[in-house]
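Numbering of the sequence shown is given in the working numbering, commencing with residue 20 and proceeding in unit increments.
Scroll down for the structure; my scribbles are underneath it.
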Amino acid sequence: MKYFVVTYGCQMNVHESEKIAGILEKMGYECGQSREEADIIVFNTCAIREGAEDRVLGNVGALKKQKKRNKNLIIVVCGCMTQKEITAKKLMSTFPFVDIVIGTFNISSLPDLINNVKNGRKLELWEEGGIDETLPYKRTSGENAWVNIMQGCNNFCTYCIVPYVRGREKSRSEEAILREIEEIVREGKYKKITLLGQNVNSYGKDLMPQVSFAKLLKDIAAIQGDFEVGFMTSHPKDLTDELIDVIASEPKIERNIHLPAQSGDNRILKLMNRRYTREHYLDIIRKIRNKIPKVRITSDFIVGFPTETEEEFLRTLELVREVRYDSIFAFMYSPREGTVASKMEGQISDEVKHDRVNRLLKLEKQIQKEDNKS
Ligand code: 5AD
Ligand code: SF4
């Protein structure tokens, strides 16, 4: 019996697919090379933008024929998209040949659900739950080992669906993280360890007693062995001086900081509920560059947020020009049902969004060209 996992979205999902693969292998399934030869296909989905959801729908729809040919094929759709109850229901009614629809909290129930399907029951599940420390992983990212340090997000940036589909921040205990990393280092196969969380800088605030992300990093760097540790994603409002100092002083910590700015304009940042200003952001960048030589700084930007004017967009371009990032991701704002921004007046046309995203990417290319030359 073979399985095939199709992953959409961020590194968190890539890592969760490693968990899904681990569970399926524990059940006796082997990794298949393609969808066509699989007995069970799992779509681990993303809901961050409409485009991500459309791709999932197209690919799930395309399985109708395969399911007709092979009645025993089990199709599972899980992840952020199906954590939204409305989407899960819609998916079940549009594609009745899908067997299991579950959210982000129920991966550990997969074995039971698969057995139920074999006994003729269809399932939907999207209740919120905790972090299961006992699940096996099948690491699939070569020399890089992902380590999840926390789930969820408390920030509620007004454009973002993540807090709704991943729940509130829940940190894993420092002890469990250190144990996992020691085990990874002992295995000797991994040169790099990447810590994952939606907002790693607020790691440990929900633990008793509290543990700071800087302390966690320091304790990880103290583990004996030849490895490098990186992390993503950082939120500017929570990035502390203590953290900058730890990165500067520990050679094992990667000199790579992904620090999404999202916009260079204070009115838009406020509407986005980012809780920092352009000036504060630039201050942090200055501190990082002063203390950590040769640091690589990268960022995400959203263009065409509701009511964004041409002048406000120009301030984003100015910020990019000022910081001279090593690379950036630029996204066109995509309204997500249920978020505050999706209900705002002054939504921007696709034409304007396309134009702005192209200009932002063109600027990035130009900066990279200049930096490469120098
Ligand atoms: N529309 C466009 N981009 C978004 N992002 C998050 N939500 C949206 C949305 N609704 C972007 C942000 C974030 C990255 C992972 O995705 O820039 O940092
Ligand atoms: Fe979304 Fe903001 Fe949380 Fe990042 S910090 S996951 S953008 S709500």
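Idealized CB from N, CA, C, for every residue including glycine.
{"Query": "Backbone secondary structure at GLY275 - three-state DSSP", "Result": "Sequence check: residue 275 is Asn here, not Gly. Strand at ASN275."}
{"Query": "ASN63 in three-state terms, based on DSSP", "Result": "strand"}
{"Query": "Endpoints, alpha helix (DSSP H) assigned at ALA164", "Result": "First-last for ALA164: 163 to 167, but that is the beta strand (DSSP E), not the alpha helix (DSSP H)."}
{"Query": "Distance between ILE303 and ARG334 (C-alpha atoms, nearest Å)", "Result": "18 angstroms"}
{"Query": "Cβ-based burial, MET291 [other Cβ within 10 Å; buried from 16]", "Result": "buried"}
{"Query": "Beta-carbon gap between GLU273 and ASP238 smaller than 8 angstroms", "Result": "no"}
{"Query": "Residue interval of the alpha helix (DSSP H) (run including SER112)", "Result": "104 to 113"}
{"Query": "Inter-residue Cα distance where the pair is ALA40 and ALA164", "Result": "15 angstroms"}
{"Query": "ASP225 vs GLU188 beta-carbon contact at 8 angstroms", "Result": "yes"}
{"Query": "Beta-carbon spacing of ALA107, THR113 below 8 angstroms", "Result": "no"}
{"Query": "ASP284 (DSSP reduced to helix, strand or coil)", "Result": "coil"}
{"Query": "Supposed contact pair ASP58 and LEU92 - C-beta distance, whole angstroms, cut 8 angstroms", "Result": "6 angstroms"}
{"Query": "Selected residue, minimal CA-CA separation from ASP390, among PRO354, ARG375, ALA233, ARG340", "Result": "ARG340"}
{"Query": "Any 3 or more C-beta pairs closer than 8 angstroms across the region 190 to 206 and the region 345 to 363", "Result": "no"}
{"Query": "Contact belief for LYS103 with ALA71 at Cβ below 8 angstroms, rounded distance in angstroms", "Result": "Not confirmed; about 13 angstroms, so no contact."}
{"Query": "Heavy atoms of ligand 2 versus C-beta positions, residues under 6 angstroms", "Result": "CYS172, ASN174, PHE175, CYS176, CYS179, VAL181, PRO182, GLN217, ASN218, HIS254"}
{"Query": "Whole-angstrom distance between ILE307 and ASN220, CA atom to CA atom", "Result": "15 angstroms"}
{"Query": "Residues bridged to GLU247 [DSSP beta-bridge criterion]", "Result": "LYS211"}
{"Query": "The region 258 to 270 in contact with the region 279 to 293 per 3-pair CB rule at 8 angstroms", "Result": "no"}
{"Query": "Neighbourhood of VAL75 by C-beta distance below 8 angstroms, restricted to the same chain and skipping five residues each side", "Result": "TYR27, PHE62, THR64, CYS65, VAL96, MET100"}
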